[in-house]
Amino acid sequence: MEPEEKVVEVRCGRRIFVCTSSVVCKDKGSRIYEMYAAAITDNPARRLITIRLDPPKVEYVGPIIRAIETESFDKLVNENDDIEDIISVARYLNVKSVLEYLEERKKENQEQAEEVADHNDIMLEDEEAIFIKLMQKINARKSDSGNLSTISTLLEINDSEINGRQHATGEGSGPLSMEAKLDLLDNKIKTLENQIEHAQNDENGQLSLRQRETLKVELQRLRYERDQAILVERHSDKELAYNLLVVGVTGTGKSSSLNTLLNKQACKVSGAQAQGTRGCNMQEGVISDKHFVSFIDTQGLGADTSVTDTELLSQIMMSTESVTRMKIINNILISFDTNTRATPATMANQLTLMELFGEIRQSCFLILTKWNTSAVQCEWNTPLRKWTRKWRRAQTVEEITEEPPSYQVMYEAYCEYILAAMNNDEDAGAFSKMGTFLAFFQARVLWMYNLDAVEIEDYEGGDLEPHIIYLYSFYRDKALQCLKQGSTQLAVEDLTFLKEDGDTLAKVAGRLIDSRDKKIEQLEKIGTDSNKRVAMGSVFTDMAKENCSKMGNAQYTVDHVTHMEQIADLAGFSTQQTAVGCNVM
């Protein structure tokens, strides 16, 4: 007589994985079976068996159970990224059938990696010869102006040498496979890395600092090009919607906003004691069944002090210039936390970003964050507070029949709050800086409804309150719609920081900080002049009204004469307009 089939619940924290007793009994040496056997020994009549586990990576428990049930171990590995994590959980659960398969796959992966490494060694064997020829070309141009912005002409030797090695290794001619393209890019990257290291250790100084930085920009571009090729291949069934560069002050919600747009935890969010995003790396995420996006989440500026770190600014400029040389950036997202006071350091850092991207402001979007907190709703976000109080007791999302506050309604409430709270003797200097900052973006504003850590856990576990789910989905859809409508295409020449022959990234960063500090000093003087303060209030009120109207009409182009110019006139400095030549799609 067959034993009675039972339902088995495997609980891991807030997650529940359900299977049957026949699945559990397939591997009688596993931890799950041991706990199941103990449970039915205590009470054989029970039809529902609950097992509580605390494995290192709870998200892999369910896939492992499904793999045991269907015996489809290939799917387990193909649909999950990190085989080491899966092995760790399988070892914790002591599932021998899964472990044996995973160890074999790991061994195969290692052998394949060794084969690729051997292949790359062959391709790089005469790298020193390439570098010698490159240095000869550079030295031959030493008498020129020294402007190496067209660095690709110096690197063209790489392509010829690589193509020669391609034929020598029997790879033939014609269209290259994706694997071959990635091999060539990896080869270029490794060659250039060695060239840069050689130049840095060269005591004779054959390359100037500018030339070395130009090589670094090209290296970063090649890395992004490789990453982009991998992403397009990975999402071959989808269309690339747009590419984003995300900047801002640490802790303002840059990474959280990206996670919201992608509807998954793609970026690590910094906690109170964490340093936040480090470096500038290209990543990707899916936003619909038909589209994916790529993005670069840059390291944040310091939250407590105004940035004077030319090295950090240089890094952001290098990433920006490298990626725009690929002609792929659509929008630059600058985050701002509405839940913090507009301190001198906070506004200085935001104005730094304005200086950095001033020439392409029509490609910049302002991301406003943390406006959904209880404190902000009580302080100024009355429209959202009223909506929340009305619908917070809804039992299902379907019960909610009223849309949350629109972008223009909240923008109007926010501007009214700023006008009332900051346009006074004490805060007038900060008010003029905030006005300049908001005027920079005009209607290009995204209100990001980001979930906190507890809400994310509830959302993943299906326990998030219906009205919060509604708000999250509504504002996420609105943000994606605005990005699509306001998307731009940047030409390579639109964002070149190394404009002059003698420029280096450090010099440009230093000039940028000096320019920012002079403008801040002049903006603060508005607060000491009662007439200018009144005029500033009028400009701000008119700006808020006009931007609200543009938001309502989904008008995301940037006017040539704007309220930012009016504020500059009051402060006594001029804003230089540059023709960007970007077409709104």
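Terminal number for the sequence shown in this note's numbering: 585, no gaps in between. Built from N, CA and C at the ideal position, the CB exists for glycine as well.
Asked: For Lys433, which residues from the same chain have a beta carbon less than 6 Å from its beta carbon, with the 5 sequence-adjacent residues on both sides left out?; Found: Met347 and Leu523
Asked: Assuming the contact rule is C-beta atoms closer than 8 Å, Met410 and Thr260 should be a hit. Round their C-beta distance to whole Å, please.; Found: That belief does not hold up - the Cβ atoms of Met410 and Thr260 are roughly 16 Å apart, past 8 Å.
Asked: Measure the beta-carbon distance from Phe336 to Leu366 and round it to whole angstroms, keeping in mind my assumption that it falls under 8 Å.; Found: 6 Å
Asked: Could you tell me whether the segment 187-200 touches the segment 219-232, using the rule of 3 or more Cβ pairs below 8 Å?; Found: yes
Asked: Can you look up Arg31 in the DSSP assignment and give me helix, strand or coil?; Found: helix
Asked: Among Lys96, Glu455 and Gly486, which has the Cα closest to the Cα of Phe73?; Found: Lys96
Asked: Tell me where the alpha helix (DSSP H) around Ser335 begins and ends.; Found: Looking at the DSSP string, Ser335 is not in any alpha helix (DSSP H); the run it does join, the beta strand (DSSP E), is Asn331 to Asp337.
Asked: For Thr504, name the three-state secondary structure that DSSP assigns.; Found: coil
Asked: With a CB to CB cut of under 7 Å and the five nearest residues on each side skipped, what residues in its chain are close to Glu412?; Found: Ala544 and Cys548
Asked: Quick check on this structure: which residue in Leu351, Ala342 and Thr50 has the alpha carbon closest to the alpha carbon of Ile520?; Found: Leu351
Asked: What residue does the alpha helix (DSSP H) around Cys600 start on, and which one ends it?; Found: Here the chain comprises residues numbered 1 to 585, so residue 600 is not present and cannot be evaluated.
Asked: In whole angstroms, what is the alpha-carbon distance linking Glu465 and Val397?; Found: 9 Å
Asked: Which first and last residues belong to the alpha helix (DSSP H) in which Arg392 is found?; Found: Arg392 -> no alpha helix (DSSP H), and no H or E assigned at all.
Asked: Cα-Cα, which of Asn243, Val10, Met35 and Tyr556 is closest to Ala443?; Found: Tyr556
Asked: With DSSP as the reference, identify every bridge partner of Ile586, one or two as the case may be.; Found: Because the chain in this structure spans residues 1 to 585, residue 586 falls outside the shown range and cannot be described.
Asked: With 16 as the cutoff for other CB atoms within 10 Å, does Ser30 come out buried or exposed?; Found: buried
Asked: Expressed to the nearest angstrom, what Euclidean distance is found between the alpha-carbon atoms of Leu438 and Gln220?; Found: 32 Å
Asked: What did DSSP end up calling Phe17 once you bin it into helix, strand or coil?; Found: strand
Asked: Reducing DSSP to helix, strand and coil, say where Val558 ends up.; Found: coil
Asked: Does DSSP put Val61 in a helix, in a strand, or in coil?; Found: helix
Asked: Straight-line CA distance for Leu451 to Ile196?; Found: 43 Å
Asked: Compute the Euclidean distance between the alpha carbons of Gln481 and Arg361, then round it to the nearest angstrom.; Found: 19 Å
Asked: Kindly indicate which three-state DSSP category Gly435 falls into: helix, strand or coil?; Found: helix
Asked: Quickly, what does DSSP pair Cys12 with across the bridge? List them, please.; Found: Arg15 and Leu53
Asked: Return the CA-CA distance between Leu215 and Leu356, expressed in angstroms with no decimal places.; Found: 21 Å
Asked: Three-state secondary structure (DSSP) at Asn187?; Found: helix
Asked: As a quick exercise: from Ser208, Val445, Tyr60 and Val98, pick the residue whose alpha carbon is nearest that of Met551.; Found: Val445
Asked: Are at least three pairs of beta-carbons, each pair with one atom in the segment 452-460 and one in the segment 419-428, less than 8 Å apart?; Found: no
Asked: Between which two residues does the alpha helix (DSSP H) containing Asn259 stretch?; Found: Lys254 to Leu262
Asked: Just to confirm before moving on: does the CB-CB distance between Leu53 and Arg66 stay below 9 Å?; Found: no
Asked: Hey, how far is the Cα of Ser515 from the Cα of Gly435?; Found: 18 Å
Asked: Between which two residues does the alpha helix (DSSP H) carrying Gln408 extend?; Found: Tyr407 to Met422
Asked: Rounded to the nearest angstrom, what separates Arg14 and Asp42 at their Cα positions?; Found: 25 Å
Asked: What would DSSP say about Val95, mapped onto helix, strand or coil?; Found: coil
Asked: On a Cα-Cα basis, can you pick out the residue from Asn330, Leu222, Asn94 and Ala39 that is closest to Gln485?; Found: Asn330
Asked: State yes or no: is the beta carbon of Arg226 nearer than 9 Å to at least one beta carbon in chain C?; Found: This model lacks chain C altogether, as it is built from one protein chain only.
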